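S.K.:
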Amino acid sequence: MASYGRALSALHPTFATVFRSLEEGLEEAQRYHTEMHYRRTDDPHLFLHLARRRACSVLEEAGLAARLVDDGAALSMSGILIHHQGFVVRVLHAQRDNTGHAEEPVPGSSKPRQDFWRQASAIPGLETDNLLLQWLDREGVLEDSMILSRPLAGDNLRVNLAMEWRGKIHRDMATLRAEDLLDLEPDWRAERLVA
Amino acid sequence: MTYGERIRQVREMHRMTQADLVQEVPSLTLSRLARIEKDLAPIDDESLALVAAVTGVSVPFFARPPTLGFSVRWTDAEARVLSPRMRSRSRLTPGEKAAALQWARLIDEEYQNLRAGTRSLPVRLRPTPGATPEEAAAEARQVLGFSADQPLPYLILAVERVGVAVLGLPYSIETLDAFCAWRRGEPVIALLGGVPADRVRFSVAHEIGHLMLHQAGQSGPEVEAEADRFAAELLTPLAALRDVMPANPTLSALVMLKTVWGVSVKSLVRRAKELGAVDGDRALSLYKQMSTRGWNKREPGYVAPEKPRAFRKMAEIVYGPAVRTERFARMAAWSEGLVLDVLAQHSTMDELPHEPAPTKPTKPIEPTRALPSNVIPLRVG
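In C-alpha cells form, the structure reads like this:
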C-alpha cells in the first residue's frame, strides 16, 4: 500500500513523458478535427480516443510499458494503463462536476474496473498498487495539474466510491529530484480508525 | 616534439584508415603519414593543425608523451583488456575494437590527470579466485552495500564508490557495450554510448564479474558465460526473485518486474526458467511473443538510465561546479566540443539515481481536511 509521496517518488521518471504524451495527443486530436471540419462537441468520445491513442504511442516510444485499456475494442474509452515499479496507473480523462472541478471517477458496473478500484492485482500473479491519474483539458489545452488518487472500492453508485488519498501532480515535479517528492502530503486522504 | 603514436590514436578513435586521414589532410601522403606515425618523419604545423581540427583535439595534444594505457597491442599493454562484453563477438571488427580502446585510453588519461587534483576512493572490489559466479555475486552485493534480496536501485554509482574507475565513452557501435581491465591494481570499466539502460546495467554487472572472477588474458565462451551468470545473480538473485516471480509469468508480469529489477524481459525469462516458473516450451513461447511484438528491437518497461559520475565530479572540483569547459579543453589539449561530448557521458548532479526509501510501516494518520470519508468514525464511550 503506497503513500502519495512514495507513489510520486516511484512514478517520477514518467511525469515529463506523461505530460508530453497527452499534449501531443490533444494536438493530434485537434488537428484531425480541424482537418475534417468536425466539432469536438459532436463526438467527444472520438476526440478523446484520438488523443489517447497518440498519447499511448508517445509513451511506448519513450520506453514506458503503456497500452490502451480496452486494446482491441473499436473505440477504447477507458484510458491508458501504465505499468511501472509495481504500480499500475490508469490514466483517465476527468469529467468536470457542476463547480468545474474534476469528478472522482467511479468504476461503473464493469467487473474488471471494479476489481482495479478495490486494488485486486492488475497483473496475474503479481501484487500491484493500482492508481488513477486524471487529466483535464480546457479547450484542447492540457491543464497544468493532474490528479493522482488511490481507489479502494467502487461500483456504479458514487456513494459507494472509496478512495485512500488524492493529490496533484504538477508538471514542475518532473524537474525535482524523486527523493524530494517522498514527503509530500496529498490534498486529501481518508480517515482511518485509530487503535 | 610531435608523437606519431598520438596521431595514430586519434585516427583510430575515429575509425579512419591512413588513407581516410590523407584525404582530409591533402598536404600529407600515405607513405609520409605512415612514417610520421612511426616517428620516422616530422609533420609540418599546418598539417598537424588540420589533423587536430579533424579529430577533435588541439595541437598540444600531439606533444604529449603517449601512455601505454589501453593498448590494442596486447603484449605491451599496461592494462591488458579482459574479454570485452560484446553483443556479437564475431562481428566486432579490429577497427571497431581499436577505436573503443583508443577512446578509453584518451578518457582514462584525463581521468588520471583530474584525479591528481582530488582525493581518490580506496579500491574495495577484490578478485575472488576460485569462487563460483553466484558466490562472487553475493560478495559483490555486500561490498556494494546492498542487501541480498533488494533490487539494485543503481549500479554504476555503487561501483564507483568501491573504487572502480568507470569511463563513459562518446563512442557507440552495435557490437560492443563495455569492457574492463585491471590497471596497476585498479579496476577500470569503459562504457560505450547509445546502449539501452537495462543493457547498461547488465553490461556493468558482467564486467564486474570479469574483474572479480577472471585473470587478465582469460577469454572464451566459458569465461563470458560465467560473467553472464555473475551478472544475472548480482542483478536478480534467484533466492529473491523466487519470492516475486509469478507461478506462470505473463509478459505483462515480466515487464512490471523489469521496471522493478532493472533488467531486460529476456533476462527475466531466463531466470524464470531457472526457477522452474516456466518450462522450455513456455520460455520459447514467450520469446516468440516478444519477437512478434517487436520487442527484440525495443522492449517496453522503463529503466532509469545510469551514467558514471566520478569523471564529471572531479572536473567540477578542478574546473568549478559548472565546469569551465574552455579551460578544461586547454588543459586536456582537447577541443571544447570533445570536452562537452565526454562530459555528456557522465552524470550531472541532477541525473544521479534515486534510491527508493523502504516502505514505511503504516501509521495512523490524522484527517487533513473535513471531506467526506470512506470510514465511519468509531465512537468510544
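Taken in order, these protein sequences are the chains called A and B.
Counting from 1 along the first sequence, just add 59 to a position and that's the residue number in our numbering.
Counting from 1 along the second sequence, just add 131 to a position and that's the residue number in our numbering.
Note that CB positions come from ideal geometry on N, CA and C, so glycine has one too.
Since we're looking at a predicted model, the values are computed, not measured.
Using C-beta distances below 7 Å, list every residue in its chain close to B:T493, excluding the 5 sequence neighbours before and after it, in chain order.
M.R.: Caution is warranted here: a pLDDT of 36 is assigned to B:T493, below 50, making its placement in the model unreliable, and no coordinate value can be reported.
S.K.: Which one of B:M147, B:T423, B:V449 has the shortest CA to CA distance from B:P225?
M.R.: B:M147
S.K.: Using 8 Å as the Cβ pair cut-off and three pairs as the minimum, do the region 142-151 of chain A and the region 181-195 of chain A touch?
M.R.: The answer is yes - the region 181-195 of chain A touches the region 142-151 of chain A, with three or more Cβ pairs under 8 Å.
S.K.: How big is the Cα-Cα spacing for B:G451 and A:E83?
M.R.: One C-alpha to the other measures close to 39 Å.
S.K.: Measure the CB-CB distance between B:Y242 and B:F459 and report whether it falls below 7 Å.
M.R.: no
S.K.: Excluding sequence positions up to five away, which residues of its chain have a Cβ less than 8 Å from the Cβ of B:R246?
M.R.: These residues qualify, in order along the chain: M445.
S.K.: Please report the residue range of the beta strand (DSSP E) in which B:V297 lies.
M.R.: 296-299
S.K.: Identify the residues that DSSP records as bridge partners of A:R245: which are they?
M.R.: According to the sequence provided, residue 245 of chain A is Pro. The question's Arg does not apply to it. Paired residue(s): none; A:P245 is not in a bridge.
S.K.: Spell out whether any CB of chain B is found under 7 Å from the CB atom of A:E238.
M.R.: Yes, contact with chain B.
S.K.: The region 366-393 of chain B: which residues have C-beta closer than 9 Å to a C-beta of chain A, in chain order?
M.R.: V375, M376, P377, A378, N379, P380, T381, S383, A384, V386, M387, L388, K389, T390, V391
S.K.: Does the Cβ of B:P157 have 16 or more other Cβ atoms within 10 Å, making it buried, or fewer, making it exposed?
M.R.: exposed
S.K.: Using the C-alpha atoms, what's the distance from B:V394 back to A:A181?
M.R.: Approximately 21 Å, taken between the alpha carbons.
S.K.: Verify whether the separation of the beta carbon atoms of B:P318 and B:L256 is less than 7 Å.
M.R.: yes
S.K.: Ignoring anything shorter than 3 residues or poking outside the region 143-174 of chain B, list the beta strand (DSSP E) runs there in chain order.
M.R.: Listed in chain order, nothing qualifies, since the region 143-174 of chain B has no complete beta strand (DSSP E) run of 3 or more residues.
S.K.: From this set, B:H341, B:K169, B:R272, which residue's C-alpha is nearest B:R139's C-alpha?
M.R.: B:K169
S.K.: Taking the beta carbon of A:M95 as the centre, do at least 16 other beta carbons fall within 10 Å, making it buried, or is it exposed?
M.R.: exposed
S.K.: Would you say B:G325 lies against chain A (beta-carbon separation less than 7 Å)?
M.R.: no
S.K.: Which runs of the alpha helix (DSSP H), 4 residues or longer, sit entirely within the region 433-491 of chain B?
M.R.: Within the region 433-491 of chain B, the runs of alpha helix (DSSP H) that reach at least 4 residues and sit entirely inside it are, in chain order, 441-450, 456-463, 467-475.
S.K.: At least one CB of chain B closer than 7 Å to the CB of A:S135: is that the case?
M.R.: Interpretation of A:S135 is limited by its pLDDT of 49, a score under 50 that renders its predicted location unreliable; the figure taken from the coordinates is listed afterwards. Closer than 7 Å: no.
S.K.: With distance defined between alpha-carbon atoms, name the residue in B:H337, B:E266, B:V391, B:S350 nearest to B:I320.
M.R.: Distances from the CA of B:I320 to each of B:H337, B:E266, B:V391, B:S350 were compared; the closest alpha carbon is that of B:H337.
S.K.: To the nearest angstrom, report how far apart B:E136 and B:P197 are at their CA atoms.
M.R.: 7 Å
S.K.: Can you tell me whether DSSP reads B:R314 as helix, strand or coil?
M.R.: strand
S.K.: Does the beta carbon of B:P495 come closer than 7 Å to any beta carbon on chain A?
M.R.: Residue confidence for B:P495 is low, a pLDDT of 39 falling below 50, so the modelled location carries little weight; the figure read from the coordinates is stated next. Answer yes: the Cβ-Cβ gap between B:P495 and chain A drops below 7 Å somewhere.
S.K.: With B:L406 and B:L372 assumed to form a contact (beta carbons below 8 Å), what rounded beta-carbon distance in angstroms separates them?
M.R.: The C-beta separation of B:L406 from B:L372 comes to about 6 Å, placing the pair in contact by the 8 Å criterion.
S.K.: Between the C-alpha atoms of B:W234 and B:L288, what's the straight-line distance to the nearest angstrom?
M.R.: 21 Å
S.K.: Looking only at its chain, what residues have a beta carbon closer than 7 Å to the beta carbon of B:A362, apart from the 5 residues adjacent to it on each side?
M.R.: Cβ neighbours of B:A362 within its own chain (closer than 7 Å, five residues either side excluded): F333, A336, H337, G340.
S.K.: Measuring alpha carbon to alpha carbon, tell me which residue in B:I448, B:M144, B:S383 is nearest B:Q420.
M.R.: B:S383
S.K.: One question on the structure: do A:W176 and A:G213 come within less than 7 Å of each other, judged by their Cβ atoms?
M.R.: yes
S.K.: If the cut is a Cβ gap below 7 Å, which residues of chain B does A:L185 touch?
M.R.: P377, A384, M387
S.K.: How many Å lie between B:T133 and B:S178 at the Cα?
M.R.: Each residue's Cα considered, the two are about 12 Å apart.
S.K.: Could you tell me the alpha carbon to alpha carbon distance between B:R144 and A:R113, rounded to whole angstroms?
M.R.: Per the sequence presented here, residue 144 of chain B reads as Met, with Arg not at that position. So the two alpha carbons sit approximately 41 Å from each other.
S.K.: From the DSSP output, read off the bridge partner residues of B:V188.
M.R.: B:W465
S.K.: Going along the chain, which residues of the region 326-355 of chain B sit with their C-beta nearer than 7 Å to a C-beta in chain A?
M.R.: Against chain A - using a Cβ distance shorter than 7 Å - the region 326-355 of chain B contributes no residues.
S.K.: Could you name the residues of the region 278-300 of chain B whose beta carbon sits closer than 7 Å to any beta carbon of chain A, in the order they occur along the chain?
M.R.: none
S.K.: For B:K491, which residues of its own chain have a beta-carbon under 6 Å away from its beta-carbon, when the five flanking residues on both sides are left out?
M.R.: Bear in mind that a pLDDT of 42 at B:K491, under 50, signals an unreliable position, so the model cannot answer this.
S.K.: What beta strand (DSSP E) runs, 3 residues minimum, are completely inside the region 211-244 of chain A?
M.R.: DSSP runs (the beta strand (DSSP E)) wholly in the region 211-244 of chain A: 221-229.
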